Amino acid sequence: MTFAVQKPLCLVSALFAGLILSSCSSSQQQVEAPARLPAYSFVPGKTAVLHNGKAIPPRNAPVQVKRAIAAANSLVNKPYRMGGGHRKHYDTHYDCSGSTSFVLKEAGLLTSTRHSKLFLNYGQKGSGDWISVYAKNGHVFLVICGLRFDTSGSGRRGEGPRWRVDGRNTRNFLVRHPTGL
Numbered sequence: 001m002t003f004a005v006q007k008p009l010c011l012v013s014a015l016f017a018g019l020i021l022s023s024c025s026s027s028q029q030q031v032e033a034p035a036r037l038p039a040y041s042f043v044p045g046k047t048a049v050l051h052n053g054k055a056i057p058p059r060n061a062p063v064q065v066k067r068a069i070a071a072a073n074s075l076v077n078k079p080y081r082m083g084g085g086h087r088k089h090y091d092t093h094y095d096c097s098g099s100t101s102f103v104l105k106e107a108g109l110l111t112s113t114r115h116s117k118l119f120l121n122y123g124q125k126g127s128g129d130w131i132s133v134y135a136k137n138g139h140v141f142l143v144i145c146g147l148r149f150d151t152s153g154s155g156r157r158g159e160g161p162r163w164r165v166d167g168r169n170t171r172n173f174l175v176r177h178p179t180g181l
């Protein structure tokens with residue numbers, strides 16, 4: 001009789017241990033971006049509107065989101081330069097991580113400039129409701145209110161940070177977002 005009682009107890013203990021171990025490992029996993037970020041599509045009250053190369057936020061967007069859009073707008077038409085925005089916050093040229101850092105710092109969502117690889121652990125896992133950070137070793141970009149803010153995507157070298165409405169390959173990117181946004 002004791003054997004019959006011990007066997008189910010051992011089975012229950014093994015299942016419980018397996019659940020604990022699987023929950024520990026899954027909590028440390030990153031959320032990988034889909035293979036392709038879709039092109040922009042307008043959603044009233046949720047997405048920004050692009051006018052003459054500058055984004056206009058939805059009226060109901062949180063203040064940090066409006067600040068992020070204003071900061072990104074201030075970088076539009078700045079040229080690209082590797083390392084731009086890293087030594088000086090207000091620079092004449094920006095690279096991908098320099099422009100992403102600038103936008104998030106101006107919005108009060110980041111305290112110091114980061115290289116692209118350091119954005120792999122920024123904020124929380126997954127897409128945000130208002131702001132998403134797409135990062136991989138070697139490149140980072142933002143999606144704010146449905147518009148992509150990126151230093152690449154047009155095929156023209158040296159173009160620098162711009163708002164983009166076209167889709168983009170996001171294979172091997174991780175997606176993160178600022179807490180609460």
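The sequence shown begins at 1 in the numbering used here and counts up by one.
Glycine included, each C-beta is placed from N, C-alpha and C at the ideal position.
Computed from a prediction, not measured in an experiment: that's the story for all the values here.
How about residue i and residue j: are their beta carbons less than 8 Å apart?
i, j, result
"S99", "G85", "yes"
"L37", "G167", "yes"
"A55", "Y134", "no"
"L50", "L118", "no"
"W163", "F149", "yes"
"A68", "L120", "no"
"T151", "D95", "yes"
Leaving out five residues before and five after residue i in sequence, what residues of the same chain have Cβ atoms less than 7 Å from its Cβ?
i, result
"R114", "S97, S101"
"H177", "G123, Q124, G126, S127, G128, I131, S132, V133"
"N73", "K54, A55"
"L185", "In this structure the chain extends from 1 to 181, so residue 185 is not present and cannot be described."
"E159", "Y80"
Among residues of its own chain, excluding the 5 on either side of residue i, which ones have a beta-carbon nearer than 6 Å to its beta-carbon?
i, result
"R81", "H93"
"K136", "N172, F173"
"S41", "none"
"K88", "none"
"A35", "R171"
Report back the beta-carbon spacing between residue i and residue j to the nearest angstrom; my notes put them in contact at under 8 Å.
i, j, result
"W71", "E106", "Here residue 71 is Ala; the residue named in the question, Trp, does not match the sequence. So it is a contact: roughly 3 Å between Cβ atoms."
"A39", "V175", "Actually they do not touch by this definition, with Cβ atoms about 17 Å apart."
"V31", "G53", "Going by Cβ atoms, the distance from V31 to G53 rounds to 31 Å, so no, they are not a contact pair."
Spatial neighbours of residue i within its chain, please: C-beta separation below 8 Å, excluding the five flanking residues on both sides.
i, result
"V65", "P57, A107, W130, I131, I144, C145, L181"
"T179", "G123, Q124"
"G45", "P58, R59, N60"
"G83", "D95, G98"
"V43", "G146"
"S112", "S101, K105"
When we look at the beta-carbon of residue i and count the other beta-carbons within 10 Å, is it buried (16 or more) or exposed?
i, result
"S116", "buried"
"T170", "buried"
"F141", "buried"
"P161", "buried"
"K78", "buried"
"A48", "buried"
Jot down the residue ranges of each uninterrupted alpha helix (DSSP H) in the segment 40 to 95, minimum 4 residues, whole runs only, in chain order.
-> 63 to 75
Taking only runs that begin and end inside the segment 103 to 180, name each unbroken alpha helix (DSSP H) of 4 or more residues, in chain order.
-> Correct list: empty.
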